[in-house]
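All the letters of the sequence shown, read from the start, carry residue numbers 27 to 257 under my numbering. Note that beta-carbon positions come from the ideal geometry of N, C-alpha and C, so glycine has one too. Presented below is the structure to which this report refers.
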Amino acid sequence: MSFPGSGLAKGLAVTLRTMTKRSVTAQYPDVQPDLAPRTRGVIGLFEENCTVCMLCARECPDWCIYIDSHKETVPPAAPGGRERSRNVLDRFAIDFALCMYCGICIEVCPFDALFWSPEFEYAETDIRDLTHERDKLREWMWTVPEPPALDPAAEEPKELAAARKAADKLAAQQQAEAEAEAEAARARAQDPTADQDPTADQDPTADQAGAADRATDRNRPDRPDTPGEGQ
27 MSFPGSGLAK GLAVTLRTMT KRSVTAQYPD VQPDLAPRTR GVIGLFEENC
77 TVCMLCAREC PDWCIYIDSH KETVPPAAPG GRERSRNVLD RFAIDFALCM
127 YCGICIEVCP FDALFWSPEF EYAETDIRDL THERDKLREW MWTVPEPPAL
177 DPAAEEPKEL AAARKAADKL AAQQQAEAEA EAEAARARAQ DPTADQDPTA
227 DQDPTADQAG AADRATDRNR PDRPDTPGEG Q
């Protein structure tokens, strides 16, 4: 059974309890808030990974992603090969006035071209300015935090293992070539004449003089094998 004024007493009790507690007011924008690592602020675009596959635009529930592209012909990599065509990105824009931050576009992207950024300060006075083009999306890409570390007991991704194997093979090949060049240089330093032509130091004028002397000797009349006047 309640007595008159009990509600007022309860209200005053709540007021007295909160008066003794410290204020928890967030002093924004002077103090930036501590955001969670997986905060969905805005979408960043890593343009180099985009192949214009259009999956993000097709799967978007709000149809707020706009993509334009054109085809270019790529010359063959080797003589006699076939020319190829590839899509070149012309426009990539997201209308954040329509976006509901579901993250489907990021999940379906097969080439890791879209990422969540914790940036949230992009309010505009005009709703038309909330359609951000690829230049702005690329700027937000550099605010994307690094992914969390994998479980130490997790299996290494196959792509990372293949890339590391190829890098180790290339490093070993370069080291072998460097060692071979160093060995050749060491051999040349120990024997400077090893790479020289034995006939390089001979005087060509001496060879010519010797040939002339031999010709003169053959033409002398007193040589027994030279036909003379006595025959």
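Whole-Å CB distance - residue 76 paired with residue 139, under 8 Å assumed: 4 Å
With respect to the beta strand (DSSP E) encompassing residue 181, which residues constitute its N-terminal and C-terminal limits? Segment: none, residue 181 is in no beta strand (DSSP E) and carries neither H nor E.
Count the CB pairs spanning the segment 186-203 and the segment 145-152 that are closer than 8 Å, and state whether there are at least three. no
With burial defined as no fewer than 16 other Cβ atoms inside 10 Å of the residue's Cβ, what is the status of residue 143: buried or exposed? Buried is the label assigned to residue 143, since at least 16 other Cβ atoms lie within 10 Å of its Cβ.
Are the CB atoms of residue 68 and residue 166 within a distance shorter than 8 Å? yes
For residue 64, which residues of its own chain have a beta-carbon under 8 Å away from its beta-carbon, when the five flanking residues on both sides are left out? 142
Residue 41 (DSSP reduced to helix, strand or coil): Note: residue 41 maps to helix in three-state DSSP.
From residue 38 to residue 48, what does the alpha carbon distance come to, in whole angstroms? Cα to Cα, the separation comes out at about 18 Å.
Output the distance between the C-alpha atoms of residue 157 and residue 112, rounded to the nearest integer angstrom. Taking the straight line joining both Cα atoms gives about 27 Å.
Look up residue 111 in the DSSP assignment and give the residues it is bridged to. Paired residues: 99.
Member of 160, 209, 180 and 184 whose CA lies at the smallest distance from the CA of residue 93: 160
Does DSSP put residue 194 in a helix, a strand or coil? helix
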